[in-house]
Amino acid sequence: MEKTMQLYEGKAKKVYATSDENLVIVSYKDDATALDGLKKGTITGKGAINNRMSNYLMQLLEKEGVPTHFVKELNDRETVVRKVSIVPLEVIIRNISAGSFAKRYGVEEGIVFDEPTIEFSYKNDALHDPLINEYHALALKLASREEIETIKAMAFKVNSVLKAFFLSIGVKLVDFKLEFGRLPDGSIVLADEISPDTCRFWDAKTNEKLDKDRFRRDMGGVEDAYQEMMHRVFGE
Ligand code: TMP
Ligand code: ASP
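Just so you know, this note's numbering puts the end of the sequence shown at 402, numbered straight through with nothing missing.
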């Protein structure tokens, strides 16, 4: 499978067309942004780590019955995925208070919730991805009621599978962001990526941050954190 023309360039990935109209190739970059794109940088090795980790997790989820866009890893940075039309919602699941939740509601980070929470943001850079609820998503025709129900059920299933997996490698899954896509037949699949860019990972014993918060918050040790997550997942 070969890339033909570039279809899209995002903050962390490029997407290319292929000779098959139903498949595209994603290419992961080392570029990192934060604070709504205001902070820019490079995390050396990130593209390859996010590609491999996301593919591993998508395959684990497929085995557990969650349909995903994953087709085939081509090389350390590139993967063939099913072409989808992205539902313009960022779906965030939280198990422990952190980040914007802690800030918005004025609570400390680290409160373990009895039940996971779910929230939606309207994926729109010009509007800075505003927080919305399901009724807003329906009013804006971002997704149908049925699609929203499917997305919620899939997101909670992803959480239970990943929470257990990460705990088995000594990592607390604090929160994460998912994106979903529509296939030509209208069915919904998990798309985008699952990586230290899109999840908060805390060491189970020390609560050390092993994710992109080290970049967002200028904590140093960013590359080492990505490498550590890679070692834990692949045991290399
Ligand atoms: P938040 O606490 O900043 O709302 O982030 C919640 C989770 O979503 C966290 O794991 C990081 C992830 N996330 C993204 O993947 N992309 C984004 O643009 C933002 C704001 C958060
Ligand atoms: N990637 C997002 C941005 O550039 C935010 C984040 O992950 O913190 O704004």
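The beta carbon of each residue, even a glycine, is placed where N, CA and C say it ideally should be. Just so we're clear, the structure is a prediction, and the values are computed from it rather than from any experiment.
Looking only at its own chain, which residues have a Cβ that is under 6 Å from the Cβ of residue i, when we skip the five neighbours before and after it?
{"i": "Thr199", "result": "Lys177, Lys206"}
{"i": "Glu239", "result": "Asn221, Thr245"}
{"i": "Tyr288", "result": "Pro296, Ile298"}
{"i": "Pro233", "result": "Val355"}
Considering only heavy atoms of the ligand ASP, does any lie closer than 8 Å to the CB of residue i?
{"i": "Arg398", "result": "no"}
{"i": "Gly213", "result": "no"}
{"i": "Thr234", "result": "no"}
{"i": "Asp384", "result": "no"}
{"i": "Asp196", "result": "no"}
At a cut-off of 8 Å, would you count residue i as near the ligand TMP, judging by its Cβ distance to the nearest heavy atom?
{"i": "Tyr366", "result": "Going by the sequence as given, residue 366 is Arg instead of Tyr. Answer for Arg366: yes, Cβ within range of the ligand TMP."}
{"i": "Val340", "result": "yes"}
{"i": "Lys205", "result": "no"}
{"i": "Arg348", "result": "no"}
{"i": "Lys179", "result": "no"}
{"i": "Ala264", "result": "yes"}
{"i": "Arg380", "result": "no"}
{"i": "Glu403", "result": "This structure cannot settle anything about residue 403, because the visible part of the chain is limited to 167 through 402."}
In terms of residue numbering, what span does the beta strand (DSSP E) encompassing residue i cover?
{"i": "Leu339", "result": "337-348"}
{"i": "Glu239", "result": "236-239"}
{"i": "Asp369", "result": "365-369"}
{"i": "Gly207", "result": "205-208"}
{"i": "Ala356", "result": "The sequence as given places Leu at residue 356; Ala does not occur at that position. That run of the beta strand (DSSP E) goes 354-357."}
{"i": "Asp377", "result": "Careful: Asp377 lies outside any beta strand (DSSP E) and carries neither H nor E."}
In whole angstroms, give me the CA-to-CA distance for residue i and residue j.
{"i": "Arg218", "j": "Met396", "result": "9 Å"}
{"i": "Ile284", "j": "Gly272", "result": "18 Å"}
{"i": "Arg243", "j": "Gln172", "result": "15 Å"}
{"i": "Tyr226", "j": "Glu394", "result": "Contrary to the premise, residue 226 reads as Leu rather than Tyr in this sequence. If you take the alpha carbons of Leu226 and Glu394, they lie about 20 Å apart."}
{"i": "Phe381", "j": "Lys212", "result": "12 Å"}
{"i": "Ala214", "j": "Glu187", "result": "25 Å"}
{"i": "Asn290", "j": "Val250", "result": "18 Å"}
Between which two residues does the alpha helix (DSSP H) harbouring residue i extend?
{"i": "Ile314", "result": "311-334"}
{"i": "Ser185", "result": "Looking at the DSSP string, Ser185 is not in any alpha helix (DSSP H), and its letter there is neither H nor E."}
{"i": "Ser220", "result": "212-229"}
{"i": "Asp390", "result": "388-400"}
Is residue i close to the ligand COA? I mean its beta-carbon at under 8 Å from any heavy atom of the ligand.
{"i": "Ala200", "result": "Absence of the ligand COA from the depicted structure is noted, with the ligand TMP and the ligand ASP being the only ligands included."}
Would you mind giving the Cβ-Cβ distance between residue i and residue j, rounded to the nearest angstrom? I have them listed as a contact below 8 Å.
{"i": "Asp295", "j": "Glu345", "result": "About 11 Å; that fails the 8 Å criterion."}
{"i": "Ile259", "j": "Asp341", "result": "6 Å"}
Might you give, ordered along the chain, the residues of its own chain that have their beta carbon closer than 8 Å to the beta carbon of residue i, omitting 5 neighbours on each side?
{"i": "Gly231", "result": "Lys323"}
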